[in-house]
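Everything on this sheet refers to the single structure shown next.
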Amino acid sequence: MADYHQIVSFCCIFCLKLICYIINVVPWLSNGSVSKPSWIIQYLLQKTFEDDKLKKLEFLTQIYHKQGLFRFDSKIYIFNQKLAQTAINKLEKGAENYLDNSPLKDTFLGSSQKSPETRRAIASLFRKTSIEERASSMTEDIKKMCLKMKQQSLRSVNITHWSLRLALDIVGHVLLQLDLNALDGEQDELLECMVTILHRCYALNEISTDSDEFKQANEGLDRITSNILKDALEKDDTTIQKRLVVQLHEACGFEEAKDNMKLFLMAGTETTASSIPVVFSLLTDNPDIQEELRDEAIDRWSEMMAEPTTSLPKIESMIKEVLRLYPIAPFISRQNNVPVNLGNIHLDEHSDVVIFTWGIHRSPYLWKDSKVFKPFRFLGEEALHSNMYIPFGAGSRVCIGQHMAVLELRLAIAILLHTFTFSKNQSTPDLKFVVDWAHAVVHPDKDMMFTLENV
């Protein structure tokens, strides 16, 4: 039976590649319309990739390379560099109702109708200088996590588990100036609510937004976030500068500040908890690279402890490569409120446009060995030739938390490498991804387990 499925899969892939060759070799003249895969292409995609929509979309970028875009499930996916840049800069963000059933619907992410005061307060929370001023607190949180991990058996460590708790404590210290003590187990209920909502519901589709589990998790998230905000506002403030969370509260009031804090708490944990496990899955496949990166962390340890923003070129390149190969945000949603032309393609008003970051980052036409993990790719000149490296989006809607995410990842990976050697064990799952299409996030489908040894 296994041989039969392998034969069917091989035949389907062969047919898809043949179709891809024909479409891209035969001269193609645009009539101003957007191509849509025929029933035979969709049938072959389903036979080959089953329900893995992300893999289907990635293959379609090869089939429609010459056009640079295609229509799939009523959305227009763009991966041509020029068209993508035009869409990012020219079109508005996704439809207003795209987060209607999400706990984040009332955040600034879910609506563009927030006041300028609210947006300024939020921008100040995530300003690069503000984040870097608190880098030392990130370092202390990461070192605390390593100490906690050392106190348990290192035979099989759940890195996803620890990354979630680390990220939540960093959000507390950096954005709220509050001790959440997630690494001490004091926020397990909050983390369970987040995992239920983001992972079990939106990514894995194990439960629906109408289920009792989802509703209970949503209510729990609201209650806990409200308590955290109250604690942050009641904290004795002996500093001259008004704390950033107070500025946010004064700008938009308690309810709106609470809603936006849900975004900070959830999105603030997502990047780290998704990326760190992916990094170490790749490094356990490449032990020589892991050792080379460890050497850099050891060589620059004193400098990094004195100044957490110290540059770590090899580790930074590796992080960029991970975010190229497996971008956390696989697409950027846009919509046009009026009819518009993108190149010679005409879009009717209210077209749902998706800039397909995953396809752009993995395109063999833009990147050499596009699907190969080359950790030092960004130390060379190749990366300079592509202006479509957009792991955090681009334009006016670029991810507001990118500076925090990058600094947090760099410090976490450097300190973990300085402390432990990572290897796989029988509990380590294969690296497979699921997509939260509502919130535009991709992450591993299972918790990542590794064996650790003290350096």
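First residue of the sequence shown: 1262, per our numbering; consecutive thereafter. Yeah, the Cβ is synthetic: ideal placement off N, Cα and C, and Gly gets one too. Treat the numbers as computed from the prediction; the structure is a model and nothing was measured.
Alpha-carbon to alpha-carbon, residue j and residue i
i: residue 1473; j: residue 1514; result: 30 Å
i: residue 1539; j: residue 1583; result: 8 Å
i: residue 1348; j: residue 1604; result: 10 Å
i: residue 1460; j: residue 1697; result: 8 Å
i: residue 1640; j: residue 1578; result: 6 Å
i: residue 1708; j: residue 1420; result: 7 Å
i: residue 1271; j: residue 1306; result: 12 Å
i: residue 1722; j: residue 1678; result: Residue numbering for the chain in the displayed model covers 1262 to 1716; residue 1722 lies beyond these limits and cannot be assessed.
i: residue 1332; j: residue 1449; result: 42 Å
i: residue 1302; j: residue 1311; result: 13 Å
i: residue 1599; j: residue 1405; result: 52 Å
i: residue 1615; j: residue 1634; result: 25 Å
i: residue 1596; j: residue 1339; result: 12 Å
i: residue 1469; j: residue 1706; result: 17 Å
i: residue 1688; j: residue 1710; result: 6 Å
i: residue 1284; j: residue 1295; result: 14 Å
i: residue 1535; j: residue 1434; result: 20 Å
i: residue 1586; j: residue 1326; result: 19 Å
i: residue 1268; j: residue 1277; result: 14 Å
i: residue 1566; j: residue 1402; result: 13 Å
i: residue 1701; j: residue 1496; result: 34 Å
i: residue 1320; j: residue 1309; result: 11 Å
i: residue 1610; j: residue 1554; result: 49 Å
i: residue 1576; j: residue 1613; result: 37 Å
i: residue 1531; j: residue 1454; result: 13 Å
i: residue 1512; j: residue 1549; result: 51 Å
i: residue 1274; j: residue 1300; result: 15 Å
i: residue 1493; j: residue 1438; result: 7 Å
i: residue 1544; j: residue 1637; result: 13 Å
i: residue 1563; j: residue 1412; result: 24 Å
i: residue 1226; j: residue 1337; result: The structure shown does not extend to residue 1226, since the chain spans only 1262 to 1716, so no value can be given for it.
8 Å CB neighbourhood of residue i in its chain, flanking five on each side removed
i: residue 1681; result: 1407, 1410, 1415, 1713, 1714, 1715 and 1716
i: residue 1602; result: 1608
i: residue 1668; result: 1392, 1393, 1396, 1399, 1569 and 1570
i: residue 1389; result: 1664
i: residue 1479; result: 1364, 1454 and 1458
i: residue 1748; result: Within the shown structure, residues of the chain are numbered from 1262 to 1716, placing residue 1748 beyond reach of any answer.
i: residue 1432; result: 1441, 1525, 1526, 1529 and 1530
Residues of its chain near residue i, where Cβ-Cβ distance is below 7 Å and the 5 sequence neighbours each way are ignored
i: residue 1323; result: 1281
i: residue 1341; result: 1329 and 1330
i: residue 1649; result: 1342, 1345, 1621 and 1627
i: residue 1574; result: 1640
i: residue 1581; result: 1639
i: residue 1422; result: 1708
i: residue 1624; result: 1322, 1340 and 1631
Neighbourhood of residue i by C-beta, 6 Å cutoff - its chain only, sequence neighbours within 5 removed
i: residue 1393; result: 1570
i: residue 1386; result: 1436 and 1505
i: residue 1356; result: For residue 1356, the predicted model reports a pLDDT of 49, less than 50, meaning its position is unreliable; a value from the coordinates is still stated below. For residue 1356, where only same-chain residues beyond five positions count, the Cβ hits under 6 Å are 1596.
i: residue 1462; result: 1468 and 1475
i: residue 1451; result: 1485
i: residue 1704; result: 1535
i: residue 1297; result: 1332
i: residue 1684; result: 1545 and 1712
i: residue 1290; result: Residue placement at residue 1290 is flagged as unreliable, the pLDDT there being 47, under the threshold of 50; the coordinate-derived value follows with that caveat. Excluding positions up to five away in sequence, the list is empty.
Beta bridge counterpart(s) of residue i as assigned by DSSP
i: residue 1710; result: 1419
i: residue 1682; result: 1714
i: residue 1507; result: None; residue 1507 has no bridge partner.
i: residue 1751; result: An answer regarding residue 1751 cannot be provided, because it is not within the stretch 1262 to 1716 covered by the chain.
i: residue 1654; result: 1652
i: residue 1447; result: Answer is none; residue 1447 lacks a bridge partner.
i: residue 1608; result: 1601
i: residue 1615; result: 1338 and 1594
i: residue 1353; result: 1596
Residue i CB to nearest heavy atom of the ligand HEM below 7 Å
i: residue 1275; result: Among the ligands in the structure shown, none appear at all, so the ligand HEM cannot be discussed.
Could you tell me which whole beta strand (DSSP E) segments of length 3 or greater appear in the region 1533-1595?
Entirely contained in the region 1533-1595, not one beta strand (DSSP E) run reaches 3 residues.
Could you say if the region 1557-1571 and the region 1682-1694 meet the contact criterion of at least three C-beta pairs nearer than 8 Å?
no
Is the region 1443-1463 touching the region 1420-1435, taking contact as three or more C-beta pairs under 8 Å?
yes
Three CB pairs or more closer than 8 Å across the region 1656-1675 and the region 1521-1540:
yes
Pair every Cβ in the region 1476-1494 with every Cβ in the region 1517-1531, then say whether three or more of these pairs are closer than 8 Å.
yes
Return the chain-ordered ranges of every alpha helix (DSSP H) run that is complete within the region 1306-1345 and spans a minimum of 4 residues.
1314-1324
I'd like the ranges of any alpha helix (DSSP H) spanning at least 4 consecutive residues and lying wholly in the region 1390-1443.
With a minimum length of 4 residues, the continuous alpha helix (DSSP H) runs that stay inside the region 1390-1443 are 1396-1411 and 1420-1432.
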